[in-house]
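What follows is a set of notes on a single structure, which appears directly below.
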Amino acid sequence: MLDKIKEIQQQIADFTIDNKEKLEQFRIAYVGRKGAMADLFDGLKNVIQEERRAVGAELNALKDLAQTKFNEFQTIIEASSDKSLEVEFDLTLPNIPNLNGSVHPLTLVRARIIEIFEKMGFNVSDGPEIESDFYNFTALNFPENHPAREMQDTFFIEKSNGEIKDDILLRTHTSNVQIRLMQNKKPPLRSIMPGRVYRNEAISARAHCLFHQVEGLYIDKNVGFKDLKDTLYHFAKEMFGKDTKVRYRPSYFPFTEPSAEIDITCLICKGKGCNVCKYTGWVEIAGSGMVDPNVLENCGIDSKEYTGFAFGMGIERITMLKYQIKDLRLFTENDVRFLRQFEGQ
Ligand code: DAH
Numbered sequence: 000m001l002d003k004i005k006e007i008q009q010q011i012a013d014f015t016i017d018n019k020e021k022l023e024q025f026r027i028a029y030v031g032r033k034g035a036m037a038d039l040f041d042g043l044k045n046v047i048q049e050e051r052r053a054v055g056a057e058l059n060a061l062k063d064l065a066q067t068k069f070n071e072f073q074t075i076i077e078a079s080s081d082k083s084l085e086v087e088f089d090l091t092l093p094n095i096p097n098l099n100g101s102v103h104p105l106t107l108v109r110a111r112i113i114e115i116f117e118k119m120g121f122n123v124s125d126g127p128e129i130e131s132d133f134y135n136f137t138a139l140n141f142p143e144n145h146p147a148r149e150m151q152d153t154f155f156i157e158k159s160n161g162e163i164k165d166d167i168l169l170r171t172h173t174s175n176v177q178i179r180l181m182q183n184k185k186p187p188l189r190s191i192m193p194g195r196v197y198r199n200e201a202i203s204a205r206a207h208c209l210f211h212q213v214e215g216l217y218i219d220k221n222v223g224f225k226d227l228k229d230t231l232y233h234f235a236k237e238m239f240g241k242d243t244k245v246r247y248r249p250s251y252f253p254f255t256e257p258s259a260e261i262d263i264t265c266l267i268c269k270g271k272g273c274n275v276c277k278y279t280g281w282v283e284i285a286g287s288g289m290v291d292p293n294v295l296e297n298c299g300i301d302s303k304e305y306t307g308f309a310f311g312m313g314i315e316r317i318t319m320l321k322y323q324i325k326d327l328r329l330f331t332e333n334d335v336r337f338l339r340q341f342e343g344q
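To convert, note that position 91 of the sequence shown is 90 in numbering that gives the first Met the number 0; the numbers rise steadily by one, no gaps.
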């Protein structure tokens with residue numbers, strides 16, 4: 000028996016383990032329940048009583064030897080040969096997130112505005128962002144010396160000179176598209192005109208040199224102020240919810256007469272008064288009015304036959320109210336933590 004133990008001991012010492020297969024062979028032969036070790040333990044019952052204790056001790060030592068060698072090589076083989084595989088399939092590494100894109104909140108709100116007006120029979124028109132003074136100001140009945148023409152508000156691209164007949168500028172509002180539409184198409188006209196506008200303003204939480212507006216225009220026979228009120232009332236309810244109250248406040252724009260600014264209940268304090276609504280309970284969402292007869296005539300439309308209303312609203316403003324965003328700069332910073340909040344909207 001002791002000879003047999005010595006022999007197996009030698010075999011264990013001589014066994015070279017240099018790959019996974021060898022390790023497995025070794026396990027079956029010397030560690031597993033059915034290998035050489037099992038036979039030896041089996042034979043223990045044939046050993047005479049007096050020697051059994053000593054032989055048992057030898058056997059246990061042999062078993063430990065085999066197990067120790069197995070453990071040692073198992074660690075070595077796992078750490079070395081399978082390294083490349085391990086990196087590729089390391090199941091403990093965090094997952095690479097499969098990020099969903101999200102629609103920019105301004106795109107979202109622009110689409111919603113279009114959807115609401117399309118259901119009321121408005122189509123969508125487009126016009127240039129680089130514009131002449133005529134379309135941006137003169138045709139809209141701005142007097143020659145109106146302050147909006149001054150450098151602090153408007154980005155001028157080229158000043159008129161002998162060659163260039165009119166100043167060229169970045170449009171300061173989408174109202175230029177009204178003029179182009181009325182010049183190019185005969186009434187009835189019912190259109191909204193979303194787009195980018197530019198103003199020479201210092202960037203802050205409340206102002207930006209680039210923002211978006213949606214212009215609206217409805218020209219037909221017998222269009223009255225009531226139509227303007229109904230249309231924008233319906234828009235406000237659809238956009239901000241049925242409980243939203245709407246009010247029309249007299250105002251002034253060169254291109255409309257009479258003019259009104261449209262306010263809705265402050266969505267932050269629900270009309271109770273807060274710093275967003277300056278404790279009035281109301282926030283402004285749009286400018287509007289009946290198109291001034293001078294503007295119709297500037298575009299070749301007979302103001303005795305046709306009347307119409309127009310309105311203009313800032314998409315950023317609508318979005319800030321709808322989602323309670325307090326800083327305009329968030330729209331252009333492209334911080335994913337901000338943008339991700341609109342996933343699935
Ligand atoms: N153009 C104006 C602005 O930028 C907004 C506006 C007010 C447009 C009244 C209109 C209107 O068509 O009727 O502040």
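Every residue gets a Cβ at the ideal spot worked out from N, C-alpha and C, and that includes glycine.
Can you tell me whether DSSP reads residue 92 as helix, strand or coil? coil
Residue 160 - partner residues in DSSP beta bridges: In the DSSP output, where bridge partners are listed per residue, residue 160 has none listed.
By a C-beta neighbour count over all protein chains shown, 10 Å radius and 16 as the cutoff for buried, is residue 295 buried or exposed? buried
Do the CB positions of residue 216 and residue 188 come within less than 8 Å of each other? yes
Any non-hydrogen atom of the ligand DAH within 7 Å of residue 153 CB: no
Check each candidate in 225, 280, 275 and 218 and name the one with the smallest Cα separation from residue 243. 280
Tell me residue 289's beta-bridge partners as DSSP assigns them. 308
Nearest by alpha-carbon distance to residue 345: which of 2, 16 and 119 is it? With the chain represented from 0 up to 344, any question about residue 345 goes unanswered, as that position is not in the structure.
Less than 7 Å between the CB of residue 279 and some heavy atom of the ligand DAH, yes or no? no
Where does residue 237 fall in DSSP's three states? helix
Going straight from the alpha carbon of residue 129 to that of residue 194, what length do you get? 12 Å
Residue 146 (DSSP reduced to helix, strand or coil): helix
How about the region 169-183 and the region 195-203: do they share at least three Cβ pairs that are nearer than 8 Å? yes
Should the region 58-70 be regarded as contacting the region 24-32, the criterion being three or more beta carbon pairs within less than 8 Å? yes
Quick one, which of 234, 181, 259 and 304 has its alpha-carbon nearest residue 249's? 259
When you compare only the Cα positions, how much space is there between residue 213 and residue 323? 20 Å
Quick check on the burial criterion: 16 or more other C-beta atoms within 10 angstroms. Buried or exposed for residue 311? buried
For residue 336, is the classification buried or exposed, using 16 other Cβ atoms within 10 angstroms of its Cβ as the cut-off for buried? exposed
If we call anything under 8 Å between Cβ atoms a contact, is residue 345 one with residue 181? Because the chain is modelled from 0 through 344, residue 345 falls outside the range shown and cannot be assessed.
First through last residue of the alpha helix (DSSP H) which encompasses residue 119: Taken as a continuous stretch (DSSP letters only), residue 119 belongs to no alpha helix (DSSP H), as it is neither H nor E.
Would you kindly report the start and end of the unbroken alpha helix (DSSP H) that includes residue 335? 335-338
Three-state secondary structure assigned by DSSP to residue 283: strand
What does DSSP give as the partner residues of residue 194 in its beta bridges? 212
Can you tell me the Cα-Cα spacing of residue 110 and residue 92, whole angstroms? 40 Å
Backbone CA spacing between residue 115 and residue 161 [nearest angstrom]: 46 Å
Tell me whether residue 156 is buried or exposed, calling it buried when 16 or more other Cβ atoms sit within 10 Å of its Cβ. exposed
Expected contact under 8 Å - CB spacing of residue 132 and residue 166 to nearest Å: 4 Å
Spatially closest choice to residue 61 from 237, 1 and 175, by CA coordinates: 1
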